[in-house]
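Trainee: Questions regarding the structure given below will be posed in turn.
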Amino acid sequence: MPPYSSAKAVPAPFRSDIDRAAAARQWEFGGADYMNHGSFGACPRRVRDFLQQQREDFLTNPMDYFGNENPRRMTEGRLFWAEFLKADSEGVVHVECATLGVNTVMKSLALRGYFRPDDEILLTSHGYNACNNVTREIAALTGARAVVASVPFPIENRDQVTQAIFAAVTPQTRLALIDHITSETGLIFPIEEIVAGLKERGVETLVDGAHAPAHVPLDLAKLGAAFYTGNGHKWLCAAPGAAFLYVREDFRDSIRPMSTSHGANDPNPNLSAFQKTFAWTGTRDNTPYFTPKIAFETLSALHRDGLPALIADNRRLVRYGCQLVLDSLGLKPHAPDDMLGMMTTIILPPGDAARLRHDLRQRENFSMQLGQLSPQFGAGRFLRLSAQAYNQPGQYERLARVLVEALEREKRGDLLPLPQQA
26 MPPYSSAKAV
36 PAPFRSDIDR
46 AAAARQWEFG
56 GADYMNHGSF
66 GACPRRVRDF
76 LQQQREDFLT
86 NPMDYFGNEN
96 PRRMTEGRLF
106 WAEFLKADSE
116 GVVHVECATL
126 GVNTVMKSLA
136 LRGYFRPDDE
146 ILLTSHGYNA
156 CNNVTREIAA
166 LTGARAVVAS
176 VPFPIENRDQ
186 VTQAIFAAVT
196 PQTRLALIDH
206 ITSETGLIFP
216 IEEIVAGLKE
226 RGVETLVDGA
236 HAPAHVPLDL
246 AKLGAAFYTG
256 NGHKWLCAAP
266 GAAFLYVRED
276 FRDSIRPMST
286 SHGANDPNPN
296 LSAFQKTFAW
306 TGTRDNTPYF
316 TPKIAFETLS
326 ALHRDGLPAL
336 IADNRRLVRY
346 GCQLVLDSLG
356 LKPHAPDDML
366 GMMTTIILPP
376 GDAARLRHDL
386 RQRENFSMQL
396 GQLSPQFGAG
406 RFLRLSAQAY
416 NQPGQYERLA
426 RVLVEALERE
436 KRGDLLPLPQ
446 QA
């Protein structure tokens with residue numbers, strides 16, 4: 026790699042299909058260049074206003090709200106997800122986040138004796154740490170084993186994903202937990218091929234689709250996975266606490282929420298036992314569940330051709346930004362174009378990721394995902410770039426320049442020190 030000071034980022038022209046400056050006015054980041062939509066999403070003003078009004082109604086008149094507004098909006102929210110996901114509405118329920126969706130499936134299956142001693146639960150080396158943790162916990166409790174399929178990164182093609190996963194299947198493999206879009210590495214896995222191939226081998230799939238809604242097209246009926254969970258707060262820009270769990274019909278009697286409450290013996294004849302138990306899990310603030318529909322409407326209105334066209338424009342922007350950074354550092358792409366969506370990961374040389382991130386935040390006001398690369402992928406650091414409607418080409422152009430400067434400061438030992446922990 027050439028010295029950073031000799032690398033030159035030469036931006037190619039980028040023409041957006043939307044007025045990004047106007048779109049950005051719907052979000053507020055306190056003046057920061059916010060480049061990390063992938064971690065926590067971000068709510069546009071219309072979604073925030075709607076959420077605040079719902080919470081005000083709930084908090085000022087809880088009796089009427091729980092008795093009338095809450096049941097209606099819970100149903101409306103569930104039906105929105107079903108239409109958006111192209112899924113049977115009877116199989117869709119609200120959960121707070123995809124991690125809770127994975128926990129719900131794993132712990133329900135364990136409670137009902139689905140996992141036997143010496144069964145195997147298949148993970149991949151790109152799996153989300155929180156979901157890997159519950160998988161290993163369930164394996165330890167039931168006598169099963171968590172097995173990891175090693176998928177490389179950097180990666181050359183989609184076939185490396187399917188080959189690694191299928192090679193790890195044995196006669197003992199009972200369930201596979203597979204990311205649709207990986208978190209740290211920002212890869213779109215060929216989930217249709219994976220689910221179909223695992224089914225042929227007698228293995229059911231739980232898909233962690235945390236990043237998938239409003240990022241890639243979804244058709245859960247066609248996909249056929251036993252379980253699929255995803256977030257509304259990430260790429261759909263709904264409120265944190267808005268997510269879904271889909272369960273295929275043959276597993277619905279086996280899956281129950283983490284909290285058993287009055288819904289377990291609700292006499293309502295119009296709802297299945299599966300729906301009733303998830304509809305009421307205790308007194309809680311359900312208002313985030315009601316925001317995905319208005320978030321969808323808000324994003325769709327930003328492009329004359331709707332949400333799919335906005336996603337395509339965001340994908341072009343993140344590729345533009347990624348190439349600028351790669352060129353500035355003299356690096357090559359770490360994944361093929363057909364495995365990338367609205368976020369992409371760049372491997373940086375080894376060093377202190379937290380200090381570099383802090384320096385860029387304090388000096389340049391960049392808010393981004395920059396961390397230590399997981400050890401299975403090497404000793405470097407990762408920079409994961411995102412693009413949403415509020416991002417501008419100029420942000421990536423500036424990042425490509427100041428990142429070179431920050432890495433030069435790092436070589437000289439001039440990065441800002443991390444604040445002292447209390």
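So for the sequence shown, this note's numbering puts the first residue at 26; every next one is plus one.
Each residue gets a CB set at the ideal place from its N, CA and C atoms; glycine is no exception.
1. Report yes if the CB atom of V118 is closer than 8 Å to the CB atom of L248, and no otherwise.
2. Report the rounded CA-to-CA distance for G266 versus G307, giving the unit in angstroms.
3. Could you name the residues that DSSP lists as bridge partners for T198?
4. May I have a chain-ordered list of the alpha helix (DSSP H) segments no shorter than 4 residues that lie completely inside the segment 235 to 303?
5. I'd like to check one pair, D233 with V127: are the Cβ atoms closer than 8 Å?
6. Quick one: what's D191 bridged to in DSSP?
7. Evaluate E225 with the Cβ neighbour count: other Cβ atoms within 10 Å of its Cβ, from every protein chain shown; 16 or more gives buried, anything less gives exposed.
8. Strictly by DSSP, which residues pair up with Y345?
9. If the criterion is Cβ atoms closer than 8 Å, does the pair A169 and P196 meet it?
10. Per the DSSP calculation, G376 is bridged to which residue(s)?
11. Restricting to Cα atoms, I'd like to know which of R277, S133, P313 and D363 is closest to V159.
12. Mapping the DSSP letters down to three states, classify G355 as helix, strand or coil.
13. Which value, in whole angstroms, describes the spacing of the CA atoms of Q262 and C68?
14. If contacts are defined as beta-carbon pairs under 8 Å, then E94 and F407 qualify, I think. What distance do you get, rounded to the angstrom?
15. Sort out for me which residues DSSP pairs V118 with in a bridge.
16. Please classify E145 as buried or exposed, where buried requires at least 16 neighbouring CB atoms within 10 angstroms.
17. Spatial neighbours of V72 within its chain, please: CB distance less than 7 Å, with the 5 preceding and 5 following residues excluded, ordered by chain position.
18. Less than 6 Å between C-beta atoms, sequence neighbours within five positions excluded: which residues of the same chain meet that for D291?
19. If contact is defined by three or more beta carbon pairs under 8 Å, each pair taking one atom from either stretch, is the segment 50 to 70 in contact with the segment 82 to 96?
20. Look at the alpha carbon of L212 and the alpha carbon of L440, and state the distance between them as a whole number of angstroms.
21. Per DSSP, which one or two residues make a beta bridge with F391?
22. Does L123 pass the burial test, meaning 16 or more other C-beta atoms within 10 Å, or should it be called exposed?
23. Would you check if there are 3 or more beta carbon pairs closer than 8 Å linking the segment 381 to 392 to the segment 420 to 437?
24. Quick one: Cα of Q79 to Cα of F91, how far?
25. Alpha carbons only, please: which of Q51, N311, N61 and M367 is nearest the one belonging to V241?
26. Just reading off the alpha helix (DSSP H) that S133 is part of, what are its end residues?
27. Does the contact criterion of 3 or more C-beta pairs under 8 Å hold for the segment 408 to 425 versus the segment 341 to 353?
28. Starting from S411, follow the beta strand (DSSP E) in both directions and report where the run begins and ends.
29. Do I371 and L351 have their C-beta atoms within less than 8 Å of each other?
30. How big is the Cα-Cα spacing for H62 and N154?
31. Run the CB neighbour count on A24, radius 10 Å, all protein chains shown included, and call it buried at 16 or more, exposed below.
32. Beta-carbon within less than 6 Å of Y17's beta-carbon, same chain only, minus the 5 sequence neighbours each way: which residues are those?
33. State yes or no: is the C-beta of L231 within less than 8 Å of the C-beta of A251?
34. Would you tell me roughly how many angstroms separate the C-alpha atoms of P179 and P282, rounded to the nearest one?
35. Is the Cβ-Cβ distance between D338 and D42 less than 8 Å?
36. Expressed to the nearest angstrom, what Euclidean distance is found between the alpha-carbon atoms of T129 and G222?
Mentor: Looking at the atomic coordinates:
1. Taking 8 Å as the cut-off, the beta carbon of V118 is found no closer than this to the beta carbon of L248.
2. Our two residues, G266 and G307, have alpha carbons roughly 15 Å apart in a direct line.
3. In the DSSP output, where bridge partners are listed per residue, T198 has E145.
4. Residue ranges of uninterrupted alpha helix (DSSP H) with 4 or more members, entirely inside the segment 235 to 303 and ordered along the chain, are 245 to 248.
5. Contact flag set, yes.
6. Reading off the sequence shown, one finds Phe at residue 191, where the question assumed Asp. BP columns for F191 are empty, so no partner.
7. Exposed.
8. The partner list for Y345 (beta bridge, DSSP) is empty, contrary to what the question assumes.
9. In this structure, P196 does not lie closer than 8 Å to A169 by Cβ.
10. Under DSSP, G376 takes part in no beta bridge, so it has no partner.
11. The residue among R277, S133, P313 and D363 with its C-alpha nearest the C-alpha of V159 is S133.
12. In this structure, DSSP gives G355 a state outside helix and strand, which the three-state scheme calls coil.
13. It should be noted that the sequence gives Cys, not Gln, for residue 262. Roughly 5 Å between the two C-alpha positions.
14. Incorrect: roughly 43 Å between the Cβ atoms, too far for contact.
15. DSSP output for V118 lists L270 as bridge partner(s).
16. Burial state of E145 is buried, judged by a 10 Å Cβ sphere holding 16 or more other Cβ atoms.
17. Excluding sequence neighbours, V72 sits near C262, A263, A264, T316, I319, A320 and T323.
18. Once the five neighbours on either side are set aside, the close Cβ partners of D291 are K301.
19. Not touching, per the Cβ criterion.
20. Just so you know, the alpha carbons of L212 and L440 end up roughly 31 Å apart.
21. Bridge pairing for F391: D58 [DSSP].
22. Sequence check: residue 123 is Ala here, not Leu. Buried, by the Cβ-count rule.
23. The segment 381 to 392 is in contact with the segment 420 to 437.
24. Their Cα atoms are separated by approximately 12 Å.
25. The shortest Cα separation from V241 among Q51, N311, N61 and M367 belongs to M367.
26. From DSSP, the alpha helix (DSSP H) with S133 extends over A123 to L136.
27. Remark: three or more beta-carbon pairs, one from each stretch, lie closer than 8 Å, so the segment 408 to 425 and the segment 341 to 353 are flagged as touching.
28. Where S411 is concerned, the enclosing beta strand (DSSP E) stretches over R406 to S411.
29. Going by C-beta atoms, I371 is nearer than 8 Å to L351.
30. C-alpha separation (whole angstroms): 19 Å.
31. Beyond the ends of the chain as shown, which are 26 and 447, falls residue 24; an answer cannot be given.
32. Residue numbering for the chain in the displayed model covers 26 to 447; residue 17 lies beyond these limits and cannot be assessed.
33. Closer than 8 Å, so yes.
34. Approximately 38 Å between the Cα atoms of the pair.
35. Cβ atoms of D338 and D42: closer than 8 Å.
36. G222 has its alpha-carbon roughly 25 Å from the corresponding atom of T129.
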